Structures are given as structure tokens and as C-alpha cells.
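Since the structure comes first, as C-alpha cells, the remarks are kept for the end.
2 protein chains.
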Amino acid sequence: MRSRTRHPPRGRATAGGDELRLLESIREPGDLRRLSRGELRRVADELRHELIELGAAAGGHFAGSLGAVELTVALHTIFETPRDRVVWDVGHQAYGHKALTGRREALARVKHADGPSGFLRRVESPYDVFGAGHAGTSVSAALGIAAALQRRGETARAVAVIGDGGATAGMAFEALNHAGELRAPLRVVLNDNGMAIAPNVGGLARTGQVRGYLEALGLRYLGPVDGHDLDALLDAMTALRDDAGPAVLHLRTRKGCGYPPAEADPFGWHATTPFDRASGARRGGSGAGPPSWTACFADALARLADRDERVVALTAAMPDGTGLDRFARRHPDRVYDVGIAEQHAVTFAAGLALEGLRPVCAIYSTFLQRAFDQVIHDVALQELPVTFALDRAGLVGGDGPTHHGAFDFAYLRLIPNLIVAAPRDERELERMLATAVECGRPFAVRFPRGPARGVALDPDPKPLPIGRGELLRDGDDVALVAIGKSVVAALEAAEQLAERGLSAAVVDARFAKPLDGDLLADVARRCRLVVTVEDHALAGGFGSAVLELLAARAPGVEVRRLGLPDRFVEHGDVDAQWRAAGIDRDAIAAAAAEALGARSAARSRGRLRALSMAAGASDA
Amino acid sequence: MRSRTRHPPRGRATAGGDELRLLESIREPGDLRRLSRGELRRVADELRHELIELGAAAGGHFAGSLGAVELTVALHTIFETPRDRVVWDVGHQAYGHKALTGRREALARVKHADGPSGFLRRVESPYDVFGAGHAGTSVSAALGIAAALQRRGETARAVAVIGDGGATAGMAFEALNHAGELRAPLRVVLNDNGMAIAPNVGGLARTGQVRGYLEALGLRYLGPVDGHDLDALLDAMTALRDDAGPAVLHLRTRKGCGYPPAEADPFGWHATTPFDRASGARRGGSGAGPPSWTACFADALARLADRDERVVALTAAMPDGTGLDRFARRHPDRVYDVGIAEQHAVTFAAGLALEGLRPVCAIYSTFLQRAFDQVIHDVALQELPVTFALDRAGLVGGDGPTHHGAFDFAYLRLIPNLIVAAPRDERELERMLATAVECGRPFAVRFPRGPARGVALDPDPKPLPIGRGELLRDGDDVALVAIGKSVVAALEAAEQLAERGLSAAVVDARFAKPLDGDLLADVARRCRLVVTVEDHALAGGFGSAVLELLAARAPGVEVRRLGLPDRFVEHGDVDAQWRAAGIDRDAIAAAAAEALGARSAARSRGRLRALSMAAGASDA
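So the sequences go chain by chain: A and B.
Per our numbering, the first sequence runs over residues 132 to 751.
Per our numbering, the second sequence runs over residues 132 to 751.
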């Protein structure tokens with residue numbers, strides 16, 4: 132959100148026509164603390180109503196926030212936010228929190244460049260105590276806050292709000308276990324709706340022995356409390372506030388509460404596009420256009436699994452986002468959902484691979500960061516045939532800095548034994564998956580969010596030669612060396628350059644590791660100017676790998692690298708993000724033309740210098 | 132270990148003079164299964180005796196394996212290894228396992244290049260089912276194996292052996308929780324000695340409610356059993372074997388059991404140098420020589436904490452290895468030991484930083500890999516003043532591929548907002564720590580294992596200008612650009628080159644990020660040849676960063692990079708590892724001289740070409 136809170140106009144009517152007088156009077160949480168319980172109940176009802184209107188109009192994360200309406204009202208009423216520090220996990224459930232902390236109107240532009248983040252951001256509001264985006268961090272951060280406050284002798288409180296899904300993350304356990312040791316005055320609100328994004332998994336979810344679990348870790352257990360009974364909630368929050376801690380208040384809530392379609396299918400309504408409030412019918416695009424990369428991946432994997440019974444698939448609590456729900460419709464017994472547990476997912480896959488299976492870990496690029504060490508030690512070092520299918524690679528648009536897959540080339544290509552590939556279209560994706568499963572080596576393939584290219588698929592997708600790129604277009608002025616989605620932009624840039632009379636070769640590297648040394652050195656030596664393109668951070672990325680190669684194989688060749696600058700990219704429109712990063716068609720063409728111009732100027736200087744050298748001057 | 136198992140000669144007398152007839156007859160675990168319980172007791176006693184002799188003669192991880200003698204004998208007796216897959220965690224406790232699986236004699240060379248690994252390695256033995264080195268992976272791997280065996284309808288069993296310390300790792304929780312859901316026939320042996328390396332921490336360790344914890348996760352609990360009562364153990368292992376699983380057998384053991392000095396101080400005897408068996412006196416070096424980098428770090432941090440009350444320090448269960456036990460002697464109330472929980476450590480530190488503290492996370496380079504995502508999101512993105520002090524950076528020698536800090540420059544320099552530094556001596560280390568704490572920004576400083584340089588410290592260590600390198604020696608033929616420990620080798624190489632009449636500049640970059648662009652571009656333009664040196668992987672590392680910089684700032688300058696090749700480096704002597712990687716003094720000098728020779732040959736060709744160009748030929 133670029134601008135700070137503005138006070139919403141009073142007496143504004145909603146789309147549904149209801150007057151929201153009470154909610155509109157809540158300019159900040161302190162206003163809640165002057166209300167009666169009956170009025171707070173009205174605020175909660177109005178907030179729920181507004182969140183439904185908001186979802187219908189703007190989409191976004193939906194069902195989680197509906198289920199958290201009462202707990203949000205109770206939290207901000209009983210705790211003295213922002214003096215008391217409330218740390219929300221992830222942010223999927225925090226739209227109500229945003230609305231009550233001065234961002235009601237702004238939420239209409241959630242995830243847009245001029246609106247608030249879909250997650251928690253410290254820069255956005257003093258009520259967003261700790262930034263979030265990946266699950267399971269809130270208890271750690273709140274415990275750190277609690278410990279620091281205790282050390283300073285302050286009476287302000289630290290509260291973490293975590294879902295039962297987030298609590299399956301290993302780091303949440305680590306934090307709870309440490310809290311039981313440290314005895315700092317930590318408070319935790321466990322929002323137990325039985326769901327992560329999808330229905331929650333894990334032994335704890337099966338047994339329901341939340342009290343036993345928490346008490347074993349040395350935490351005081353309060354509850355369970357119906358998280359939609361506001362009276363009970365206010366009492367329970369008061370008890371939590373007055374407990375010395377560490378203590379956990381266990382709330383039972385219903386994801387999607389208050390909107391019947393979402394209550395009936397909370398998984399399907401975790402996030403939504405705009406919809407018709409009355410019918411629940413989603414408003415979407417035209418339905419035309421190519422399928423998503425995710426769907427292409429799922430279908431390609433399903434076809435591969437048809438042919439190869441060793442193929443199994445894993446997700447860390449994201450069967451929908453990764454397309455594995457689609458895969459599971461054809462191969463229901465070949466999917467493992469391990470919970471929000473990327474570290475375990477990778478090492479579990481290594482165990483499967485050890486016994487002859489060919490596991491495919493479908494994990495977003497950004498979430499595989501959670502399992503970096505496991506990829507190194509449990510897969511690459513042991514040379515086990517695990518495939519990593521990294522969806523949401525590159526720039527993802529509205530989900531912003533915690534969700535871009537901007538670092539995967541860099542953090543994966545440093546790992547010995549690991550193959551790293553990225554397809555320019557879904558036909559290549561299918562071949563890369565076939566290659567990965569066939570070759571029996573550690574293999575990562577990354578692909579972007581959004582629609583694929585709509586190209587025809589190969590009826591019999593053959594494995595690719597590993598480390599072999601493809602010269603898609605020949606040329607001799609400049610070589611555009613790209614990978615993945617950026618190959619398309621590079622091809623378009625080459626067209627533009629041709630219109631200006633400049634001859635650009637275009638190479639699809641296909642593999643960031645191993646690079647096609649022969650092809651790249653050959654085209655580099657011919658063109659003498661290479662421009663690399665990637666939807667990825669420049670530091671240590673794909674272009675950096677090309678630079679390393681050419682420094683050894685074609686020294687003296689000029690290399691310019693296009694990619695993301697060394698800063699986090701905020702949320703917004705993905706095409707705008709590409710333009711801002713200078714990796715879209717126009718920017719590539721401009722950079723190449725500029726470099727060619729500079730080179731020909733330098734050449735002229737070089738000729739003059741050569742003439743003067745030949746006339747007897749020394750260059751030593 | 133380079134060669135496979137050889138059968139130990141029969142009737143060999145130990146150093147202590149005892150005949151080990153029964154142990155020597157155990158060529159493989161199958162031999163145990165033919166023995167009576169009384170004979171198994173003798174095997175256990177002999178094995179303990181031999182491990183003590185081994186520790187006294189060769190050192191290594193010690194107390195953990197002593198505490199696991201009986202469970203090791205019982206495991207290999209009751210389970211049909213290697214058909215039943217036993218997955219050991221880490222390997223600190225697995226020397227007995229190695230001895231019983233054909234590696235008794237080889238253990239005398241443990242951690243040497245010609246001996247076995249100190250951890251588990253699949254290439255070493257079919258009994259090392261899954262490689263290990265970092266704690267907490269065994270349950271995940273064994274669960275994967277169990278699931279795959281179940282899928283294939285095989286009757287072989289999968290067993291994980293994990294310590295209570297390893298079980299504090301978040302991924303162990305993730306795996307246990309998944310096991311409770313999956314209902315695969317997993318067996319776990321929980322070796323509960325109350326210790327990680329140091330005394331174990333965490334709420335679970337405080338409450339001791341292991342049964343409650345495991346049952347809440349949906350696992351069957353067996354035990355507790357005295358892990359030194361072999362009869363009870365054999366019965367309990369049989370029950371575990373015959374349980375459908377998932378089930379956990381809880382053993383109570385004493386780390387160091389059977390060697391009184393180690394029983395009295397199991398933390399101090401976790402690992403040992405060779406010692407006198409009778410007195411327990413350690414045999415070490417002369418005691419002379421400079422202090423270790425670890426001690427220098429601890430002392431520098433303690434001095435910093437004297438002056439700045441915001442400074443607190445964190446360890447993930449390694450107070451000794453990181454030097455924080457030493458720090459704690461001066462500042463006992465300013466250390467947090469969070470358990471084997473690097474993810475939580477980083478986010479907990481972020482919470483502390485949020486409230487005005489200046490936390491310093493003392494985590495080995497290799498272990499920070501576990502918290503990669505948290506460094507990105509919870510520290511760098513939020514620009515919180517957390518310092519990462521990465522000990523054991525670069526090549527570590529005997530601990531091998533799971534413990535080298537070979538990737539930190541690469542995985543850290545890709546992170547926006549993070550400063551990455553490495554000192555060439557302890558004086559610089561102290562200044563870098565002062566800089567980190569003072570600047571209030573996310574900051575990582577990495578330093579190697581082993582003795583520091585022995586230089587005099589600054590009585591008043593001033594912060595360094597961030598991103599400023601230092602020209603230590605001027606020259607004009609070649610610029611040696613190094614960082615950290617490799618600066619010393621580069622200075623020595625410059626001396627060698629001078630003896631050959633070659634003039635080498637030496638730059639200590641100090642910061643891998645941000646690089647000193649002005650200094651590097653200037654020296655590069657003057658010398659026209661740059662050789663970078665790093666004790667780090669070449670892919671994406673420090674030299675790669677220099678290459679990126681010079682491609683933009685000094686195009687056309689030749690850059691050669693010296694560092695670790697793209698493969699895992701096996702265990703062995705650290706100096707030999709430096710030589711093999713070509714980053715020692717001689718290799719640097721040779722590489723620079725060779726590049727200079729090639730360049731002067733190319734220059735001669737260039738002059739001829741310039742003459743021919745001037746005579747009218749075109750170069751277009």
C-alpha cells in the first residue's frame with residue numbers, strides 16, 4: 132500500500148445496501164474497546180458482511196479471513212494493539228485485521244500495486260508487527276518479541292496467531308518447544324479450522340490431541356473455545372491476556388464461516404476470483420486462452436505416471452496450487468500431502484527414491500527455499516532420483532516479495548550433482564519432466580505462474596539431452612541467451628531488432644545447469660556480444676552462470692545481463708513487474724541495441740588505436 | 132573410506148591387551164543373530180571397550196556412541212540388517228554401528244581421507260542406508276522407505292534411530308506428524324540421553340512427556356526401556372519389530388556410558404582428541420599457536436557485549452562449537468540455546484531485533500542452510516538488524532561434505548539487503564562484528580575452522596566502512612582478489628610471483644556483498660588480469676560476484692577464478708583439501724603465472740594483428 136490509512140467516509144452504503152455505521156466508526160482498534168459486547172457482535176457481523184462484499188468484488192484470500200472474524204475482533208478488543216504485539220501467521224486470515232486497522236477501503240485494491248499486500252507487511256501498518264508470507268513463522272517471531280520485552284522489563288504483550296495448518300510447519304514446533312523451555316510470557320492463539328489451504332493433514336490433526344501435544348511441550352493449554360462465540364471468545368482472550376504464559380488458546384473455527392458456499396467448500400474458497408454474492412458463481416476470464424502452467428504440469432505428470440509406475444508426487448499442503456489435485460484425479464494413490472513441511476517433503480522423497488520410486492516434489496519455487504539444506508544433503512549429495520517441479524518461478528505478481536520465485540537458479544545451481552532446467556513452453560515442460568524421471572538424477576525444473584503458451588503437445592514426449600540448449604534463431608550481431616519464459620520475450624526482441632536491421636541470434640539455454648558450453652561459446656564467439664535474459668535475480672543467477680562459462684570459454688566477449696535488480700520486488704501486476712525489471716521484449720531489444728551502438732563506437736576507437744599502434748606506439 | 136570392508140584378523144590383541152574373540156567373530160550383523168543373550172552381552176562389552184580404545188587412540192565423536200552400544204547390538208540382532216533398513220540420524224552415535232558392519236579396523240582412520248566418514252555415507256557401506264550429517268533427517272528418510280516398501284508390498288522394515296536432541300529439529304516433528312497420518316509401518320528408536328551435543332533443551336525435555344507428545348501425533352509408544360539393559364532391549368526391539376507401526380521405542384541411555392570421565396561430563400566428551408585412557412587426559416597439540424577462530428569470535432563478541440547492552444547471542448544447540456559457552460562465561464544471561472532448530476533461531480532473532488536488541492546468530496555456515504528461507508523473509512526482507520556469525524566457513528577437513536561451509540557466499544549474496552563479509556584475520560573479525568552490530572542492518576560474517584592468525588587485536592575496534600575492500604599490496608601485472616582466509620594465501624602467492632619478477636596486486640575484498648566496485652574496477656583496469664580466490668564453490672560464489680561486477684565496470688578484463696569445483700569435497704586433511712582445490716599459495720601463483728604467460732602470447736598475436744589491420748585488412 133503506497134499511502135497510509137485514510138478514514139473511511141461515514142454512512143457509506145455497501146454494494147448490498149446495508150448501512151455499516153458501527154464498523155465505519157472503527158478507525159483503529161482502540162475504538163473497539165469502548166463498545167459493549169452487543170456492539171462488538173454487530174461489528175463482527177458487519178465485518179463479515181464487508182469481507183464477503185470485498186471478496187465478491189475484488190477476490191483474494193477469502194475463507195480463512197471469514198473464519199477469523201470473531202477472533203480478530205476479540206484480539207483487538209482485549210489486547211492493547213499495537214502496544215501489545217500481535218503477530219499473524221502468513222496473512223491468509225488477516226483481511227479482517229487489515230480492515231480493523233485502518234485499511235478497510237484500501238482492501239478493495241488488495242494485491243494491486245496501489246493497494247495493500249495480501250500478506251503482512253511492516254511497512255504497511257504499525258499493526259502489522261511482523262512481516263509474513265510463508266507459514267509457521269509467527270510463534271518464533273512473537274517469542275523473540277516476548278523475550279525481548281521481558282528482558283527490558285516491559286509489560287506489553289506478545290501474541291502469535293497461528294492456524295492448525297501453519298502449526299504443522301517444523302519451525303512452529305521448534306518455536307513452541309523453545310517457548311516451553313524459555314518460559315517467556317508468550318501467548319498463542321491457535322486458530323484450528325481443520326484446514327491448511329486444503330484439509331489439514333498430520334497425526335495431530337487425526338488424533339485431535341492438541342492439549343496433549345501442547346502440554347507435552349510445556350505450554351499451558353486454554354480451551355477449546357468456539358471461535359465464533361464472541362462472548363466466550365472475549366472471556367477466553369481475557370484469560371489468555373492475564374495468563375503469565377507461555378500459553379496457548381485453542382479456538383475451533385469454521386473456515387468460510389458465514390458464507391454458505393465457502394462453508395460447504397472451504398478448500399475451494401481459500402482464495403477466490405471475484406464472484407456473484409448471491410449464487411457464488413465465480414467471475415473469471417473468458418475461459419478461453421491456453422491452460423495454466425500448473426494444469427499443464429499436472430497433466431504432463433499424469434501422462435508420465437501412466438507410462439511409468441515409479442512416478443509418485445508430493446505436495447507440502449498445496450494440492451490445488453501445485454495441480455496435484457488434478458493429478459490425483461487420475462492417480463489418487465500416487466500423491467502424498469505431507470503438510471506444510473517442505474523440509475520433510477524433500478527428505479521423505481529421498482527415502483522413496485532410495486527404494487526405486489521416482490518422486491516428483493511439486494513445491495513452489497519460493498517454498499523450496501525452506502528445504503535448501505535437504506536438497507543439498509539428502510538428494511544431491513546422495514545422488515538420488517528426486518525431481519523438483521518448481522511452480523511460480525520468476526515474478527508472480529500480486530502475491531509479492533514473499534512469493535516471487537526469484538532466487539531458484541542461484542540457490543540451485545550452486546548444488547553439485549543437481550540438474551536445473553526451465554521450459555519455454557509446455558511441450559518443453561513435458562519433455563523436461565520425462566527427462567528428469569528417466570535420467571535418474573537429482574533434477575529441478577522451474578516454470579512460471581499464469582497461462583502457458585498454448586502450443587501443441589508431443590504425443591510421445593522424448594527425453595531431452597541433458598545440458599543441451601537450442602539455437603532458435605541465428606544471427607551475428609548479438610546473441611540473446613534466455614531461459615524459460617524469458618525465451619519468448621527474447622524471440623520477440625529479436626524481431627524488433629531485425630526491424631532495425633540488427634541480426635540477433637536467440638538461444639534457449641533450456642538448462643541453467645549444466646549449461647550448453649559448446650553452443651554458448653560458439654554463438655558468443657561469433658557475435659562477440661551476448662545479452663542474457665532471466666526472470667530471476669541477477670546476483671548469482673542464470674546470466675551469472677553464463678558469465679562464468681564465457682569467462683573461461685570465450686574470454687573477451689562482452690556479456691550484458693538482464694534480470695531482477697538486487698532488491699525485493701513489491702506486489703503488483705506481473706507484466707508491469709517484467710517491464711520495471713527491464714526484461715520484457717522492448718527492454719531486451721533496447722538493451723541489445725544500446726550495447727551494439729556502444730560496441731561499434733568502441734570498435735571505431737579500436738581501429739584508430741590499432742593504427743596508432745602500428746605506427747609505433749606501445750600498448751605495454 | 133576408499134576401499135570396502137576387510138575382514139579383521141582373528142585373535143588380534145587390543146592396545147589394552149584384552150582378547151576380543153567374540154567381537155572379532157562378528158564379520159557382519161548376521162553373525163550376532165547366532166549368539167546367545169549372554170554372548171551378545173559380551174559383544175556389547177567388548178564393543179564398548181573397543182570404542183574407548185579407539186577414542187583414546189584416534190579421537191572422534193565419542194560419548195554418543197558409548198551410550199548407544201547396547202541399542203546398536205540389539206538393533207542389528209533383532210532386525211535383519213541390511214534387508215531391514217536402519218536409518219541412523221547424524222552419525223555421532225554410529226561408531227558402534229560402523230564397527231559391527233565390517234568397519235572395525237577402518238575406524239582407526241575415521242575422518243582421514245583413507246578412513247571412514249565420521250557420519251553416515253551410502254558409498255561407504257550397504258548398512259549405511261541413508262547418508263547423514265545434519266540432525267533430524269532420519270525419520271523422514273525412514274518414512275519414505277517405509278512408504279515405498281509398503282507400496283511394493285515388501286516385508287522388509289524401515290527403522291529410524293534418532294536422539295532426543297535430533298528430535299528437537301523441526302523436520303523430525305514434521306516427519307513424526309506425517310507418520311501419524313500415513314500409517315506406514317515405520318519404526319523409530321528414540322535414543323533419549325537428555326543430550327544433544329550439549330544438554331538438550333526445549334519444553335519436551337523439561338516435561339519429559341515423551342509418550343504424550345508421540346501419542347498426540349498418532350504414534351504408538353513403546354517404553355521407556357533402559358537402553359543399557361540388553362535383555363530388556365532385545366525384548367523391546369522384538370516388540371518394535373513385531374508392531375505394525377508407526378511406533379516409537381523410547382530408550383533411556385547415558386551418553387558416555389562405560390567410561391567414567393565421559394559419564395561425568397558427556398558434553399565435554401561428545402567429541403574428543405586422542406586421550407590417555409587411564410587418566411582421561413586429552414592429548415592435543417602443544418598448546419602453543421594462535422587461538423581458534425571460534426575463541427576469537429567468542430571473545431570479540433564478549434567485548435562487544437561489554438560495550439553494547441543490546442547484544443545477545445543465539446546458538447542452535449552448539450554452545451561449544453560456536454564458542455558461546457565461552458561467551459556465556461562473561462555474559463551468562465545473554466545467550467539463547469534454542470535447540471537443533473536453525474529455522475526458529477533465525478526468526479526468533481528477528482523478533483528480538485524488532486524490539487531493539489542486536490542478536491548475533493552463531494551458526495555454522497553449513498547449518499545456516501537450514502534457515503535459508505528465514506534469512507530471506509524474516510531478516511533481509513524486513514531489514515532487521517540480525518547478525519549471522521558463520522563459523523566453519525570454507526573447507527573443514529575431517530567432517531567432510533555435510534560440514535564444509537562451501538556455499539555461503541553464493542546463497543547469501545543473492546539475498547537483497549544482506550551484507551556479506553569475511554575477515555582475513557581475527558582483528559578484522561572483531562571490526563566486522565562491530566560493524567554488523569553498529570550498522571543495524573542484516574549482516575553475515577563467515578570465518579573458517581581452525582587457528583586464527585595470531586595477530587594483535589585493536590584495543591578499540593572501529594567499524595569498517597561497509598563495502599570497502601583493502602589494497603594490501605600494489606602491483607601491475609595481475610590483481611589477486613581474495614576474501615577471508617584465502618587472502619593470506621594470495622599474499623604468499625604474490626611473494627612467489629615477485630620472486631619470478633611478476634608484479635601482483637593483492638586485494639582483500641572484505642565484503643562479498645556489497646563489493647568495492649571502485650577499488651576492484653580500478654585495479655582490474657590497471658592490471659588487465661584478475662585472479663579471484665575463495666575457499667568456496669565457484670558456482671555463484673565470490674569470484675562469480677567479481678565477474679558480474681567487472682563485466683559491467685571493466686569489460687574486457689580477463690578474470691580467472693580459483694575456488695572449489697562443482698562437486699562435493701570428501702573428508703580429509705584441510706590443507707590437502709586446499710591443495711586439491713587449487714587455492715593454496717602455490718596453486719594461486721601458478722595460475723596467475725600461467726594466465727600471464729597466455730596473455731603475453733596473446734598480446735604478441737594482437738600486435739601482429741594490429742599491424743595487419745593497419746595495413747588494410749578489416750576486422751569487421
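Beta carbons are placed, not taken as given, at the ideal position from N, Cα and C, and that holds for glycine.
Being a predicted model, the structure only gives us computed values, none of them experimental.
Of the listed residues the options, nearest to residue i (C-alpha basis)
i, options, result
"B/Ala89", "B/Val551, B/Ala712 and B/Gly536", "Examination of residue 89 of chain B is not possible in this model, given that chain B is present from 132 through 751 alone."
"A/Gly312", "A/Leu348, A/Leu335, A/Val332 and A/Arg342", "Checking the displayed sequence, the identity of residue 312 of chain A turns out to be Glu instead of Gly. Considering only alpha carbons, the answer is A/Leu348."
"B/Gly703", "B/Ile597, B/Pro696, B/Asp530 and B/Val677", "B/Asp530"
"B/Arg599", "B/Glu559, B/Ala640, B/Gln500 and B/Gln513", "B/Ala640"
"B/Glu689", "B/Arg657, B/Arg698, B/Ile714 and B/Val705", "B/Arg657"
"A/Pro590", "A/Phe261, A/Glu559 and A/Arg692", "A/Glu559"
Residue range of the beta strand (DSSP E) that includes residue i
i, result
"A/Ile550", "Ile550 to Ala552"
"A/Phe642", "Phe642 to Lys644"
"A/Thr518", "Thr518 to Ala524"
"B/Leu602", "Glu601 to Arg604"
Assigned exposure category for residue i - 16 Cβ within 10 Å defines buried
i, result
"B/Glu440", "exposed"
"B/Arg164", "exposed"
"B/Thr286", "exposed"
"A/Ala289", "buried"
"B/Arg736", "exposed"
"B/Lys386", "buried"
"A/Pro247", "buried"
"A/Ala553", "buried"
"A/Pro397", "buried"
"B/Ser731", "exposed"
Extent of the continuous alpha helix (DSSP H) run through residue i
i, result
"B/Glu394", "Pro391 to Ala395"
"A/Asn322", "Unbroken run through A/Asn322 is the beta strand (DSSP E), Leu317 to Asp323; no alpha helix (DSSP H)."
"A/Leu364", "Leu361 to Asp373"
"A/Asp539", "Asp539 to Arg544"
"A/Ala652", "Gly648 to Cys658"
"B/Ala624", "Ser617 to Glu630"
"A/Gly343", "Val341 to Ala347"
"B/Leu633", "Unbroken run through B/Leu633: none, as it is neither H nor E."
"B/Leu499", "Ser496 to Leu499"
Simplified DSSP assignment, three categories, for residue i
i, result
"A/Thr663", "strand"
"B/Arg740", "helix"
"B/Tyr467", "strand"
"B/Arg580", "coil"
"A/Asp589", "coil"
"A/Thr453", "coil"
"B/Val332", "coil"
"A/Gly487", "coil"
"A/Arg572", "coil"
"A/Arg734", "helix"
"A/Val527", "coil"
"B/Pro596", "coil"
"B/Leu727", "helix"
"A/Asp556", "coil"
(message) For a minimum of 3 consecutive residues, which ranges assigned as the beta strand (DSSP E) are wholly contained in the stretch 218–304 of chain B?
(response) 289–294
(request) Could I get the ranges of all uninterrupted alpha helix (DSSP H) runs contained in the stretch 143–218 of chain A, with 4 residues as the minimum, in chain order? (result) 152–155, 168–189, 194–198 and 200–209
(request) List in chain order: all unbroken alpha helix (DSSP H) runs of 4+ residues lying wholly within the stretch 660–720 of chain B. (result) 673–684 and 705–712
(message) Quick check for students: name the residue ranges of the alpha helix (DSSP H) that lie wholly in the stretch 379–451 of chain B, counting only runs of 4 or more.
(response) 391–395 and 424–438
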